Structures are given as C-alpha cells and as structure tokens.
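Chemist:
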Amino acid sequence: MSSLKNIKSALVSVYYKDGLEGILTKLHQSGVHLYSTGGTKKFIEELKIPVTSVEELTGYPSILGGRVKTLHPKVFGGILARRENSGDKSQLDAYAIPEIDLVIVDLYPFEATVKSGATDADIIEKIDIGGISLIRAAAKNYNDVLIVSHQGQYSKLLELLKEKDCATSLSDRRQFAAEAFATSSHYDTSIYRYFAGDSTDLFRQSFNQAKALRYGENPHQKGVFFGDFEELFNQLQGKEISYNNLLDIDAAVNLIDEFTETTFAILKHNNACGCASRANVTEAFRAALAGDPVSAFGGIFVTNHEVDLATADEAAKIFFEVIIAPSYSAEALELFKHKKNLIVLIRKSEGLQSNQYRTVLNGVILQNRDTKKETKEDLKAVTILSPEKDKIEDLLFANRLAKQSKSNTIVLAKGKQLLASGVGQTSRVDALKQAIEKAKSFNFELKGAVMASDAFFPFPDCVEIAFNEGITSVIQPGGSIRDQESVDFCNKHQMSMVTTGFRHFKH
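If you're matching positions, the sequence shown starts at 1 in this note's numbering and goes up one per residue.
(1) Would DSSP call residue 136 helix, strand or coil?
(2) Does residue 583 pass the burial test, meaning 16 or more other C-beta atoms within 10 Å, or should it be called exposed?
(3) With respect to the alpha helix (DSSP H) encompassing residue 90, which residues constitute its N-terminal and C-terminal limits?
(4) Rounded C-beta distance between residue 410 and residue 421? I'm assuming under 8 Å.
(5) Let's see if you can read the secondary structure: which residues bound the beta strand (DSSP E) around residue 316?
(6) Take the Cβ of residue 233 as the centre, count every other Cβ of all protein chains shown within 10 Å, and call the residue buried at 16 or more, exposed below.
(7) For residue 477, does the count of other Cβ atoms within 10 angstroms reach 16, so buried, or fall short, so exposed?
(8) Closest by CA to residue 230, which one among 209, 359, 239, 242?
(9) Which two residues bound the contiguous beta strand (DSSP E) that contains residue 363?
(10) Quick check: the Cα distance between residue 129 and residue 67, rounded to an integer number of angstroms?
(11) Rounded to whole angstroms, what is the Cα-Cα separation between residue 251 and residue 19?
(12) Work out the CA separation of residue 401 and residue 457 for me, nearest whole Å.
(13) Enumerated in chain order, which unbroken segments of the alpha helix (DSSP H) with a length of 4 residues or greater are wholly contained in the region 464-494?
(14) Between the alpha carbons of residue 242 and residue 370, how many angstroms are there, rounded?
(15) Residue 270 lies in the beta strand (DSSP E); which residues open and close that run?
(16) So, using beta-carbon positions, are residue 454 and residue 504 closer together than 8 Å?
(17) What are the start and end residues of each continuous beta strand (DSSP E) run of 3 or more residues lying completely inside the region 7-37, in chain order?
(18) Counting pairs of beta carbons, one from the region 200-208 and one from the region 293-301, are three or more of them closer than 8 Å?
(19) If you count every other CB in all the chains shown that lies within 10 Å of the CB of residue 144, and 16 or more means buried, which is it?
(20) Of the choices 426, 161, 281, 446, whose alpha-carbon is the least far from that of residue 5?
(21) If we ignore side chains and look at the alpha-carbon of each, how far apart do residue 459 and residue 397 end up?
(22) Measuring only the C-alpha atoms, how far is residue 142 from residue 27?
(23) Could you check where the alpha helix (DSSP H) with residue 187 kicks off and where it finishes?
(24) Return the first residue and the last residue of the beta strand (DSSP E) that residue 211 is part of.
(25) For a test of the three-state rule: what should DSSP assign to residue 60, helix, strand or coil?
(26) Is it a yes or a no for the region 5-15 touching the region 28-35, going by three-plus beta-carbon pairs under 8 Å?
(27) How should residue 357 be labelled, buried or exposed, when 16 other C-beta atoms within 10 angstroms of its C-beta is the threshold for buried?
(28) Going by the DSSP bridge assignment, what does residue 328 pair with across the sheet?
(29) What does the alpha-carbon distance come out to for the pair residue 500 and residue 126?
(30) Considering only the beta carbon of each residue, do residue 247 and residue 404 sit closer than 8 Å?
(31) How far does the alpha helix (DSSP H) with residue 161 in it reach, from first residue to last?
(32) Measure the C-alpha to C-alpha separation of residue 341 and residue 198 and round it to an integer number of angstroms.
(33) Short of 7 Å in beta carbon distance, which residues of its chain neighbour residue 318, apart from the five on each side in sequence? Order them along the chain.
(34) So, are the CB atoms of residue 214 and residue 240 less than 8 Å apart?
(35) Under three-state DSSP, which class holds residue 434?
(36) Check residue 107 in the structure and name its three-state DSSP category.
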C-alpha cells in the first residue's frame with residue numbers, strides 16, 4: 001500500500017501569519033476543506049478563501065476568554081482517527097466527525113512574553129493548551145496526518161504541497177512529526193524553566209537553534225553549537241566561528257565582566273595572557289599586550305570600551321582571531337576590513353546563563369555560575385601589615401584574573417597590569433614558578449608586585465618564593481589548617497596578606 005496520502009481537509013490555527021498566504025492559496029486551489037478559529041479564520045476569509053469555523057464544526061463557541069476553542073472530540077477525533085482502522089472509521093461516521101489530514105498550528109509566544117518582562121498573569125495566559133494538544137495529537141498520528149508546528153516550516157510545507165500536489169509521503173509526515181515533538185518539548189521546557197527559576201532540583205534545557213561547526217575541538221571531531229549566538233553578539237565580519245573560538249569567546253566575556261573600569265584582555269586557550277586597566281582603551285591594550293606579546297599571536301581580544309582607531313591600529317600590527325567590544329568607531333571598522341578573516345564582534349548583551357552545566361560520565365553536572373566579585377569590603381587583613389590603597393586595587397585586579405583562570409593558578413600583577421600567571425598546574429608551587437619565569441622572560445620587575453591564588457596555600461612555600469622575588473602583598477581565600485604558617489612568614493618578612501573567604505577553582 002502506498003504511503004502517499006492526499007490532503008483533503010486541514011485545520012489552520014496560528015499566531016504568526018506571515019508566509020501563510022501561499023499555503024492557503026495552494027490548499028484552496030487543490031480543493032482542500034479548511035477549518036479555522038478566531039483571527040486565523042478572519043485572515044483566511046480576507047483572502048476570499050472558503051473556511052469553516054471550528055465553532056460550527058463542534059457546535060460549541062470559544063469559551064473562557066479563548067482558553068477553550070479546539071478541545072473537542074470533533075476536532076481531535078478527526079486528527080487521531082486511524083484511517084485503516086474500521087472501528088475508528090465507524091465512530092467517525094456515527095458522530096459525523098470529519099477526517100483532518102493536515103494541521104497547521106503554532107504556539108503562543110511564551111518565551112518572548114517572559115523576555116518582555118510581562119506580568120506573571122500575562123505570562124501564564126501565554127501557556128498554550130489547545131495548540132500544544134493539537135501538535136501532539138497530529139504528530140502521534142503521523143501515519144495519516146501531517147503536522148506543521150511552527151512558522152519556520154511554512155516555506156518547507158509550501159514546497160512540499162507544490163512538489164506533490166497536496167499529497168504527503170510517510171517519510172514526510174514522520175519528519176514533520178519529529179520536528180513537532182521537538183517544538184512541544186522545547187515549549188514545555190521553557191515553561192518549566194520559568195516556574196523553576198534557578199532551582200537545580202531537576203535538569204531541563206532546550207535549544208531550538210543548532211549551528212553545525214566546521215569541526216569540534218579537533219578536526220576529527222564533529223561539533224555543533226546549540227544556542228542563540230546572535231542574541232549576545234553581532235558579527236560584523238570574519239570567518240565562520242569555530243568550536244574553539246566559542247570556548248575562548250565564553251572565557252573572554254566572563255573575564256571582562258569582572259571589570260568596570262576601562263580594561264583590555266588578551267586570551268589564549270581560555271586563559272588571560274595579557275590584561276590591564278587604564279584611563280583609556282589604547283593604553284589598556286598596550287599594557288595588556290606587553291604582558292605576553294608572544295602568546296597574543298592568534299589570541300582573542302576583548303574590551304569593555306569602544307575600540308577607536310588608535311587602538312585598532314595598534315592591534316592590527318599582530319595576528320589575532322577575534323575581537324569583542326561593545327562598539328567600534330567607524331575608522332576602526334574600516335581598518336579591520338583589511339583583515340577579512342578577523343572575527344569582529346559587538347557584544348549586545350551580558351545575558352549569560354545563571355547556571356553552568358557539562359557532561360560527565362553518563363550524566364550532567366550543574367552548578368550556579370560563580371558570580372562572586374570581591375570588593376575591598378570582603379578583604380580581611382590577616383597580617384600585621386595591611387596593604388596600602390594602591391596595593392588593594394592591585395590585589396583585587398589580580399584576584400579577578402585568578403578567578404577566571406584554570407586551576408591551579410597564581411597571578412602576578414602590578415599597577416593593574418597582568419605581569420604573568422601560572423595556570424592549569426597540578427601544583428600551586430609550579431604555577432608560581434611558571435608565573436615568575438614568564439614575567440622575567442618579558443623583563444618585568446617583580447619588586448612591589450602582588451600575588452593572587454585561586455585557592456588557599458597548604459604550605460608557606462609559595463609566600464616564601466614570592467618574597468624572594470620581591471613580591472610584597474598576597475591575596476588568597478584562606479581556609480587551610482596551616483594558614484598561620486603562611487601568615488607568620490609574611491609577618492616575619494614585612495609582607496601583607498589578605499583573605500577573601502571565597503575559593504575560585506576553575507576546571
């Protein structure tokens with residue numbers, strides 16, 4: 001038996017009508033009987049196309065302010081009836097229920113209503129009941145019914161109707177059914193997320209947008225990005241963004257969000273290799289680049305200030321893959337056009353998710369995003385000598401960098417400039433030695449610098465090494481049972497140390 005079925009009747013009830021006219025015209029030309037409700041019925045009538053109201057079909061009006069329109073056996077019976085089932089067929093005949101072969105329906109814009117800042121009452125009214133039921137019913141009976149569940153399918157449907165002259169194959173219907181269940185699943189997840197808020201009792205996430213990447217972390221791995229990149233950024237130019245670019249962009253925006261004063265950062269493999277806060281963006285860039293001009297090659301540039309021509313001119317002297325800023329001067333953009341592969345991003349929003357999750361083994365782990373930003377009020381001086389005002393600013397600067405660097409990490413800074421960091425080390429001592437060696441390789445004077453650690457010092461060895469290099473002040477979370485040993489060393493050698501009480505591991 002052929003799986004090709006002719007469409008003889010259709011139920012159309014949609015919120016979004018753009019792109020619908022061509023479909024309705026084709027259905028009408030092919031003699032398809034149309035049923036509809038409310039605003040959609042009026043739209044069809046304005047096209048001079050015959051249509052039967054659902055109220056006429058069911059014998060009941062739309063009630064409860066429109067909450068109940070299509071929830072009736074004469075609608076759902078016609079959708080769910082199995083065409084080859086004699087029992088179903090006889091019941092349709094007994095109750096004068098017409099078969100419905102095509103359902104075109106979309107859902108109230110629940111997510112958009114939430115994002116608009118609407119009241120709870122308005123949001124609740126955008127929880128679709130009839131539409132979601134129609135989608136599930138038609139998708140369940142895909143053997144006989146074609147379901148179109150969102151506006152993005154309109155052009156695909158019109159092509160199908162023209163190609164097969166208002167007939168559909170089983171594979172067509174099954175494919176549309178799969179998309180329909182994706183629509184209903186995403187919709188229900190959005191509703192759950194609204195009610196659950198930041199609760200971590202259950203894990204539910206859904207993304208409709210999927211973008212295939214050139215490859216994953218390596219060329220032999222497949223990569224896909226699920227999410228709405230355009231919600232956060234405008235890409236003005238450049239090549240297609242890669243999997244690794246996305247990881248670096250994520251690290252870059254998380255880092256730059258730590259700072260309020262004009263700051264420029266350069267990242268490589270998710271870690272800062274340069275960062276500085278200055279009175280203007282050009283000086284910030286120069287100081288950031290000086291931190292490690294070697295690693296900056298092929299890096300990610302990010303700033304929280306408009307990029308002007310002077311900054312763009314300095315940056316354009318080296319190769320880098322991505323630049324992120326809230327805005328650019330026209331002259332800067334014109335200069336960047338000469339680097340056609342350079343990805344230039346305008347950051348539109350700071351709307352990062354409040355929860356973070358990743359796959360582990362055969363499951364998912366989830367945590368709240370680390371949003372703690374220490375201020376001078378959080379600092380507890382644990383040594384006899386307290387840091388001076390300029391040192392406090394450097395300590396907070398270094399601490400922000402340590403928070404956004406891979407553990408174990410040690411950050412050395414002076415004058416709101418990253419001198420060097422040791423990141424991703426299995427030993428805190430190794431991280432410090434790495435930072436010292438790197439700072440010296442770029443001729444930085446460590447005397448008077450500060451040191452930040454993402455976690456406590458289990459032994460006083462790090463503060464001893466730091467002292468021998470001229471470092472005078474330390475910031476760390478504290479919490480080791482041997483904290484006092486590090487404090488005692490600092491007191492003995494006129495170093496200052498503050499604790500924050502907050503560890504910032506990052507793995």
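Note that beta-carbon positions come from the ideal geometry of N, C-alpha and C, so glycine has one too. Every value quoted in this text rests on a predicted model; they were computed, and no experiment measured them.
Modeler: Quick answer:
(1) Translated into the one-based positions of the sequence shown, residue 136 becomes position 136. Helix at residue 136.
(2) Residue 583 lies beyond the stretch modelled for the chain, which goes from 1 to 507, so this question has no answer here.
(3) Here residue 90 corresponds to residue number 90 of the sequence shown, with the count starting at 1. Residue 90 -> alpha helix (DSSP H) spans 86-94.
(4) Looking up residue 410 in the sequence shown gives position 410. Looking up residue 421 in the sequence shown gives position 421. Right, the Cβ-Cβ distance comes to about 7 Å (below 8 Å), so this counts as a contact.
(5) Here residue 316 refers to the residue found at position 316 when the sequence shown is read from its first residue. No beta strand (DSSP E) holds residue 316; DSSP gives it neither H nor E.
(6) The sequence position of residue 233 within the sequence shown is 233, counting from 1. It counts as buried.
(7) In the sequence shown, counting from the first residue as 1, residue 477 sits at position 477. Flag for residue 477 reads buried.
(8) Within the sequence shown, the letter at position 230 stands for residue 230. Closest option to residue 230, Cα to Cα, is 209.
(9) Taking the first residue of the sequence shown as 1, we reach residue 363 at position 363. Counting along the chain, the unbroken beta strand (DSSP E) around residue 363 starts and ends at 363-368.
(10) Position 129 of the sequence shown, counted from the first residue, corresponds to residue 129. Position 67 of the sequence shown, counted from the first residue, corresponds to residue 67. If I take the Cα positions, the gap works out to 8 Å.
(11) The residue you call residue 251 lines up with position 251 of the sequence shown. The residue you call residue 19 lines up with position 19 of the sequence shown. If you draw a straight line from the Cα of residue 251 to the Cα of residue 19, it is about 40 Å long.
(12) Numbered from its first residue, the sequence shown carries residue 457 at position 457. Numbered from its first residue, the sequence shown carries residue 401 at position 401. In this structure, the straight-line span from the alpha carbon of residue 457 to that of residue 401 is close to 17 Å.
(13) Taking only runs of at least 4 residues, the alpha helix (DSSP H) segments lying wholly in the region 464-494 are 483-492.
(14) Start at 1 with the first residue of the sequence shown, and residue 242 comes out as number 242. Start at 1 with the first residue of the sequence shown, and residue 370 comes out as number 370. Between residue 242 and residue 370, the alpha-carbon positions lie close to 25 Å from each other.
(15) The residue labelled residue 270 in the question sits at position 270 within the sequence shown. That residue, residue 270, is in no beta strand (DSSP E); it is neither H nor E in DSSP.
(16) The residue given as residue 454 occupies position 454 in the sequence shown. The residue given as residue 504 occupies position 504 in the sequence shown. Against a cut-off of 8 Å, the Cβ pair of residue 504 and residue 454 comes out as a contact.
(17) For secondary structure counted as the beta strand (DSSP E) over 3 or more consecutive residues, the region 7-37 holds these complete runs in sequence order: 9-13, 33-36.
(18) Three or more Cβ pairs closer than 8 Å define a contact, and the region 200-208 falls short of that threshold against the region 293-301.
(19) The residue labelled residue 144 in the question sits at position 144 within the sequence shown. Answer is buried; the Cβ neighbour count reaches 16.
(20) Residue 5 sits at position 5 when you count from the first residue of the sequence shown. Of the candidates 426, 161, 281, 446, the one whose C-alpha sits nearest the C-alpha of residue 5 is 161.
(21) Counted from its first residue, the sequence shown places residue 459 at position 459. Counted from its first residue, the sequence shown places residue 397 at position 397. Spanning the two alpha carbons is a distance of roughly 24 Å.
(22) Walking along the sequence shown from the start, residue 142 turns up at place 142. Walking along the sequence shown from the start, residue 27 turns up at place 27. It is roughly 19 Å from the alpha-carbon of residue 142 to the alpha-carbon of residue 27.
(23) Counted from its first residue, the sequence shown places residue 187 at position 187. From DSSP, the alpha helix (DSSP H) with residue 187 extends over 170-196.
(24) By one-based count along the sequence shown, residue 211 stands at place 211. 210-212 is the extent of the beta strand (DSSP E) around residue 211.
(25) Within the sequence shown, residue 60 is the residue found at index 60, counting from 1. Here residue 60 sits in coil by DSSP.
(26) Taking a contact to require three or more Cβ pairs closer than 8 Å, the region 5-15 and the region 28-35 qualify as touching.
(27) Residue mapping note: residue 357 aligns to position 357 of the sequence shown, counting from 1. Here residue 357 is exposed. Its C-beta has fewer than 16 other C-beta atoms within 10 Å.
(28) Here residue 328 is taken as the residue at index 328 of the sequence shown, counted from 1. Residue 328 is bridged to 307.
(29) Taking the first residue of the sequence shown as position 1, residue 500 is located at position 500. Taking the first residue of the sequence shown as position 1, residue 126 is located at position 126. Those two C-alpha atoms are separated by around 45 Å.
(30) Within the sequence shown, numbered from 1, the residue matching residue 247 stands at position 247. Within the sequence shown, numbered from 1, the residue matching residue 404 stands at position 404. Not in contact: residue 247 and residue 404 (Cβ atoms no closer than 8 Å).
(31) Along the sequence shown, read from residue 1 onward, the residue named residue 161 stands at position 161. Counting along the chain, the alpha helix (DSSP H) containing residue 161 begins and ends at 154-164.
(32) Position 341 of the sequence shown, counted from the start, is the residue given in the question as residue 341. Position 198 of the sequence shown, counted from the start, is the residue given in the question as residue 198. Here the alpha carbon of residue 341 sits roughly 39 Å from the alpha carbon of residue 198.
(33) Residue 318 sits at position 318 when you count from the first residue of the sequence shown. Excluding residues within five positions, the ones whose Cβ falls inside 7 Å are 296, 297.
(34) Along the sequence shown, one-based indexing puts residue 214 at 214. Along the sequence shown, one-based indexing puts residue 240 at 240. Their beta carbons are under 8 Å apart, which means residue 214 touches residue 240 by this criterion.
(35) Within the sequence shown, numbered from 1, the residue matching residue 434 stands at position 434. If DSSP states are grouped into helix, strand and coil, residue 434 belongs with the helices.
(36) Position 107 of the sequence shown, counted from the first residue, corresponds to residue 107. Residue 107 falls in the coil class under three-state DSSP.
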